[in-house]
Every structure is written in structure tokens, then in C-alpha cells.
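One rule links them: number in my numbering = place in the sequence shown (from 1) + 311. No residue lacks a Cβ here, since even glycine has one placed at the ideal position from N, Cα and C. Keep in mind that this is a model prediction, so the values were computed, not measured. A short worksheet on the structure shown next.
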Amino acid sequence: MLEPALKTYIERIPKTELHCHLEGSIQPATLLKLAARHGIELPFTDEEGAKAFYEFTSLNQFLGIFALACSTLKTRQDFETITLDLGADSASQGIPYREVFFTYAYHDRRSIPWEEVISGIASGREKVKQQYNVEMWFIADIDRTVDPQDGVRLVEMAQASRDQAGIIGIGLDSQEIGYPAKRQKPAFDLAKRLGLHRVAHAGEDVGPESVWDALQSLDVERIDHGVRSIDDPALVKHLAERQVALTVCPLSNIELKVYPQLRDHPVKRLTDAGVLVMLNSDDPPMFHCNVLDNYFAVAETFNLNAADIDQYARNSFKAAFLPDERKQQYLADLEREIKKLRSEIL
């Protein structure tokens, strides 16, 4: 069992989150509110029913739940609502800085205009800064299954809305099996030319070859998940030597049966090998866990101490797409807070 002092320490230490999906962050109460706003009938009528609906036993089931949640997002106001909710959630977990994925393909298929999505995100992001003093930036994800020309089109739209919505990068998500990263090379080449950061979901459903593909074909700067890298010692060495960050979501991986139990998860082995690992939630309400829950679970399962927690918190800022001067300021603030928390709690 996690010691109360360490639990409090985890709650209060500043940390970032770099792997969270906007569409996957919709809380049950908000989902009900959005559905009522648009007269959408859901297969449940209250929060408890929604929580039960969020239970799944397969990836296909999860994708169905995700699609239902997305169906409630139709207007600028909807996207502002969920962005604002995520800002409040950040403040409650000691997260002053968050990089958030959004996947326009989910909305494009429903003929939701890009500007509806972007204007809502932009407005919500501004209110988050004002109300919670949380800095939120966005990564426009390309769905692996879309045609390469659609990936290029997304990069062009993201570039045009870069300043408006705080878009700092391009990502890659959705189905790994059958859709190698190299299919989207034209989009990522364009993103690099435009100075956008580049990340990719890889090494979750597919082995280390998926991570190599993202690194070599797309020249990504960070890997989302990447846990299957542990199966290739040469890849682990490469990640450690080049300090390519892995935005790991341990409890999400257990829910999706990537590993049977948390004690089987390679998060600690990757960290001990020198890989820049940081902890994230992925789709918080759908996996019934937030960032803190992931810290708690990893700390308890692998018998971590405060120094281990400090390192994961440091890694979370080191892996962020912050200008060097700002990053150093965040890290300096973190060290001051660590010193303070050590004297107050431990």
C-alpha cells in the first residue's frame, strides 16, 4: 500500500502531461450535458450509467465508446466546454503545463468544420490560462488510417491555425496494425519544413518495429506509448542515448491488455535503462484513471520513493515542447517545490 506521505507528495509535486486526448477526456457529467444540448439519446441517463458504459473488454469496444463521445461534439461551444474541463482537471492534479492531442478526422467524418473545432479550442485554452493559470498547447493528430493526402491537408490546416489555437505539433494515432507510420511521411516531412514538432503513437499494439518506423520514416521527436521498445535492446539503447522521450500511459496499457498486470509493464525497466520516460493518463475517464492515479499505481507496484517521483516529474518537463529558457524556468520552479515539499511532507 502506498504510504500517505508519498501519496501527498505525488499529489502536490508539479508535473506535466504530454499524452492526453481531448476527445477522450470527456467526463460522464459533461457527456450527458453535451448530449442534452443537442438532443442526442445516449444508452444511459445518469453519471453512474455513463461510468458503467465506459467499461470495455476489447479495443473495438473502446473505439465504439470513443466514437459515441465524439458524436456529442458539434459546435464551438462544445469544444470550448471540454477544453475548459480539461484545464480544471489540470489544476486539480498539479499540472501547470499540458500538451493535448485532438484528432480532426473524427469530426471531419461527421462534417464538422475545422473552424468550429479550432475556435472552441482557442477560446477554451484562453479561459484555462485566465481561470486556472494552466498552460495548454495542442497537437493535431493524423489518424493512421486516412489517405496520405489527407494527412498533408491536416498539416496545412494546423499551420494556418497555429497561433489561433496554440498548435505546436503534429501527431499520429489510431490503428497501428496494417497502417505503418511511413504512409504519412509526406505530412511529417511538411510539418518538419514548417517547424512543427512531430510525435507518433507507436509500439503499443505493434512491436519495436513500429517505433523504428516512426523514428526513421517520420523523424519524430517523441514517441507516444513506445512500451514495446523493451523487446529490442538496440532500440532501448538508441532511445536512451538520444534521449527520445516516451510518453507512457501504464494504466491505459493494462486496460487495453497490452500487458496483463502492472507488474509486467516495462515502465520501470525502461526508466532504469536510461530512457526518458514520463507518466500520463491517455483518455482519463475511459480508463478510469488520471495522471495522479498512474503515479500512484506505478509508485506502489514498483516500490518507488520520492527520488523516483522527482525524476518522473523532471522528465515530464524535459520532454515538453517548451523553448529552452521557459523549460529551464519550469525545472527551476520544480526544484524549489521539491525542496519545500521534502521539508513539509517527508
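### Query
Are Asp-357 and Phe-412 closer than 8 Å when you measure CB to CB?
no
#### Entry: Per-residue DSSP class, three states only, for Glu-446
strand
### Task
Let me know if Gly-480 comes out buried or exposed under the rule of 16 or more other beta-carbons within 10 Å of its beta-carbon.
buried
### Query
Rounded C-beta distance between Glu-684 and Val-559? I'm assuming under 8 Å.
Not covered by the structure: residue 684. The range shown for the chain is 312 to 657.
#### Entry: Residue range of the alpha helix (DSSP H) that includes Thr-341
339-349
### Query
In terms of residues, what are the limits of the alpha helix (DSSP H) holding Asp-583?
578-583
### Task
Check the DSSP bridge columns for Ala-556 and list the partner residues they point to.
Arg-533
### Query
By a C-beta neighbour count over all protein chains shown, 10 Å radius and 16 as the cutoff for buried, is Gln-495 buried or exposed?
buried
### Message
Pop quiz: Ala-402 and Ile-656 are said to be a contact at Cβ under 8 Å. What is the actual Cβ separation, rounded to whole angstroms?
### Response
About 20 Å separates the two Cβ atoms, so there is no contact after all.
### Query
Taking all protein chains shown into account, do 16 or more other C-beta atoms lie within 10 angstroms of the C-beta of Asn-601, making it buried, or fewer, making it exposed?
buried
### Query
Among Asp-530, Gly-350, Pro-459, Pro-519, which residue has its Cα nearest to the Cα of Ala-545?
Pro-519
### Task
Give the straight-line distance between the Cα atoms of Arg-625 and His-418, rounded to the nearest whole angstrom.
35 Å
### Query
Where does His-508 fall in DSSP's three states?
strand
### Exposed unless 16 or more other CB atoms sit within 10 angstroms - verdict on His-349
exposed
### Query
What do you reckon, are the CB atoms on Ala-584 and Ala-551 nearer than 8 Å?
yes
### Message
Can you give me the C-alpha to C-alpha distance between Arg-653 and Arg-323, rounded to a whole angstrom?
### Response
11 Å
### Query
How many whole angstroms separate the CB atoms of Phe-431 and Gln-404, which I take to be in contact at a CB cut-off of 8 Å?
Inspection of the sequence shows that residue 431 is occupied by Gly rather than by Phe. So it is not a contact: roughly 23 Å between Cβ atoms.
### Query
So what's Phe-377 in DSSP terms, helix, strand or just coil?
helix
### Message
Only counting the same chain, and skipping five residues up and downstream in sequence, which positions put a Cβ closer than 8 Å to that of Ala-471?
### Response
none
### Task
Can you give me the start and stop residues for the alpha helix (DSSP H) that Glu-410 sits inside?
Per DSSP, Glu-410 belongs to no alpha helix (DSSP H); it is in the beta strand (DSSP E), 408-413.
### Task
Could you tell me whether the segment 441-459 touches the segment 354-370, using the rule of 3 or more Cβ pairs below 8 Å?
no
### Message
I believe Ile-321 touches Ile-620 by the beta-carbon criterion, under 8 Å. Please report the beta-carbon distance rounded to the nearest angstrom.
### Response
6 Å
### Query
When DSSP builds the beta bridges, which residues end up paired with Glu-328?
Arg-409
### Query
Between the Cα of Ala-492 and the Cα atoms of Leu-397, Tyr-641, Asp-452, which residue gives the shortest distance?
Asp-452
### Query
Are there three or more Cβ pairs, one per stretch, closer than 8 Å when the segment 436-445 is compared with the segment 637-650?
no
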